[in-house]
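So that you can map any letter, position 302 of the sequence shown is 302 in full-length UniProt numbering, and since no number is skipped, the others follow by simple counting.
The C-beta atom is built at its ideal place from N, Cα and C for all residues, glycine as well.
Read the structure below first, then the notes.
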Amino acid sequence: MATRSFRSALGVSRFGEVSRTGLRQSYLTRFAGLHTTSRKTQEAAASSPETTAAAEPTSPKPSINELQRSLRSFVKSAKSLNAALTRELEKMTAVYRIRKKGLLEVQSPRPGFESYRRHVPASYLRDRCPCPQCLSPSSGNKSFSTAEIPATINFKHIKVQKDGSVHIRWYNDVPRAAAAGHVSVFPARGPQSIDKVASERNIEYQTIPLALWSGLPEQPWTKASLSPLRISYAAFMAGGRDFHQGALELSQTGLLFLTGVPQTETAVADIALKFGAIKETFYGRTWDVISKPEAENVAYTSSYLGLHSDMLYLESPPRIQLLHCLENSCTGGESMFSDASTAAAQLRSDNRGAFRTLTEKPVTYHYSANGFYYRQRRPVIETFFENRQQRTSVWWSPPFQAPFPRPQGLEQRKLWGQWLKSARHFKSILEADENVHHHRLEPGECVLFDNRRVMHGRREFDAGSGRRWLKGTYVADEDFVSTLKRIRIAGGAEEYLDKYDQDRGDQRQRQTKTSKTNAAATPA
1 MATRSFRSAL GVSRFGEVSR TGLRQSYLTR FAGLHTTSRK TQEAAASSPE
51 TTAAAEPTSP KPSINELQRS LRSFVKSAKS LNAALTRELE KMTAVYRIRK
101 KGLLEVQSPR PGFESYRRHV PASYLRDRCP CPQCLSPSSG NKSFSTAEIP
151 ATINFKHIKV QKDGSVHIRW YNDVPRAAAA GHVSVFPARG PQSIDKVASE
201 RNIEYQTIPL ALWSGLPEQP WTKASLSPLR ISYAAFMAGG RDFHQGALEL
251 SQTGLLFLTG VPQTETAVAD IALKFGAIKE TFYGRTWDVI SKPEAENVAY
301 TSSYLGLHSD MLYLESPPRI QLLHCLENSC TGGESMFSDA STAAAQLRSD
351 NRGAFRTLTE KPVTYHYSAN GFYYRQRRPV IETFFENRQQ RTSVWWSPPF
401 QAPFPRPQGL EQRKLWGQWL KSARHFKSIL EADENVHHHR LEPGECVLFD
451 NRRVMHGRRE FDAGSGRRWL KGTYVADEDF VSTLKRIRIA GGAEEYLDKY
501 DQDRGDQRQR QTKTSKTNAA ATPA
């Protein structure tokens, strides 16, 4: 009760807000109490002449000047009290508080919960300054080095503006910035706001799954569940919804077909450039898959080519591979595709020991021919955690596998035997008929697939029965991720999701109807 009365007297609400009207009324009441008497007191004095007469000599009426001086003194005291109360209430309810040792405490409200606090070092917050003086609005490049921030930097003044933005002045700022009168300005909301900077998660970019960038979940598939999306070249190249659908399909299933592609050698490069850039390798910007003698790559033969990923001997293997069919008049040569995510999940379910073995022992992949020498070591299955869920990356490329070191001693021979047994198990799942999608590429078709997830291969073909000519190129991981992020920021992942699902459903119905029609027409 005493606390409530004190708050009421000061004009302070139970939420810690200062009522200027309440404060003003409180001050006037106190002033009136000092310089006036109540009506009852005045009436009592009028009915008692003796008291009035006796009081007159000892209590002279104050002069106008005295009243003015008293009023000025009280107003000054009231202003000081108002400022002191405001400062104290700001300390109690402020979102930002400067702590000792150069820390800023950020209190972030959460509807329905108690607010939570984060502590951000002054040096770190200075490094994240998004003002135009520190971060170019056009390029996003920093104008200073983190190493330029003095070790003694600290907060000098923090002020929250009416629009919610936060202005910070610094003690011992970056010398070049301090000379120009630098003030750090953080927006009220968005990824560059102090609240976001203080609460953002630490994520290693190289392990972020594509689903996190696209906002759509990965869809593992088998031969029975897969219904590949097919988009016309013209619609895809026009951009908009169809291009977004194609990019999202690659992030979800890792496989996409384009139809009606012009029969030109530059068409595959034009498609790849829709994702921003081509990943050029020692094979060139684009390359031809044609059977030839003394081929520098097993793909350039007519032999069977088992399921694999390309260029795992590079530090950053290509993300998207494109193969455009210019000619295919040979017998055989059907393309094969298998989802390594499905195979890894099945192996973990069937044999956790085999799964663990393939995550522990690294394999060396290499290319050592024609003056080019590349080597990388990585396990067949790489695991990491994201949002408390275990995720996997699969690195499987037998054609480019380097020789294993000779196992020496009983323990190494035992580990070698375990790895070999586990690899056989994984291979049997990956190549199982129920997990492999077969497709014969026809002229005018282009297949795009996630080279790090969807393993690809080819059946043997008869080079003497005709000609098989594919034109290929790659898109780098960072360029594809950039495309997905651009779509998501623009609202594409959400905007097109309903239409995307509707189109996919319609296409599946058409394909199912076509399959039934073909089955009915096939003689028993």
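Excluding the 5 residues flanking it on each side, residue 376 has same chain C-beta neighbours closer than 7 Å at 312, 313, 314, 315, 365, in chain order. If you look at residue 327, you'll find it in the beta strand (DSSP E) that goes 320–328. Secondary-structure assignment with DSSP links residue 369 through a beta bridge to 372. Beta-bridge partners assigned by DSSP to residue 305: 458.
Excluding the 5 residues flanking it on each side, residue 260 has same chain C-beta neighbours closer than 8 Å at 232, 233, 234, 444, in chain order.
One alpha carbon belongs to residue 140, the other to residue 192, and they sit about 12 Å apart. Residue pairing by DSSP places residue 450 opposite 320 in a beta bridge. With distances taken between CA atoms, residue 163 lies nearest to 188 out of 362, 134, 188, 120.
When secondary structure is reduced to three states using DSSP, residue 283 falls in the coil class, being assigned neither helix nor strand. For residue 346, the three-state secondary structure derived from DSSP is helix. In the three-state DSSP reduction, residue 361 falls in the coil class, being neither helix nor strand.
Taken atom to atom, the span from the alpha-carbon of residue 400 to that of residue 485 is near 32 Å. As a beta-bridge residue in DSSP terms, residue 288 pairs with 471. Going by C-alpha positions, residue 263 is about 34 Å away from residue 342. Under the three-pair Cβ rule at 8 Å, the region 429–438 does not count as touching the region 236–251. Assigned with DSSP and collapsed to three states, residue 311 falls in coil, not helix or strand.
Three or more beta-carbon pairs drawn from the region 331–346 and the region 453–473 are found closer than 8 Å, and the two stretches are therefore classed as touching. Apart from sequence neighbours up to five positions away, the residues of its chain that approach residue 303 with a beta-carbon distance below 7 Å are 460, ordered along the chain. The region 213–274 contains, as complete alpha helix (DSSP H) runs of 4+ residues, the segments 233–237, 240–252, 267–272 (chain order).
Considering only 283, 136, 229, the residue with the shortest C-alpha distance to residue 367 is 283. If you ignore the 5 residues before and after residue 419, its C-beta comes within less than 7 Å of the C-beta of 357, 361, all in its own chain and listed in chain order. Secondary structure of residue 165 (DSSP, three-state): coil. Rounded to the nearest angstrom, the Cβ distance from residue 134 to residue 323 is 45 Å, too far for a contact under 8 Å. Note: residue 158 is bridge-paired with 168 in the DSSP secondary-structure output.
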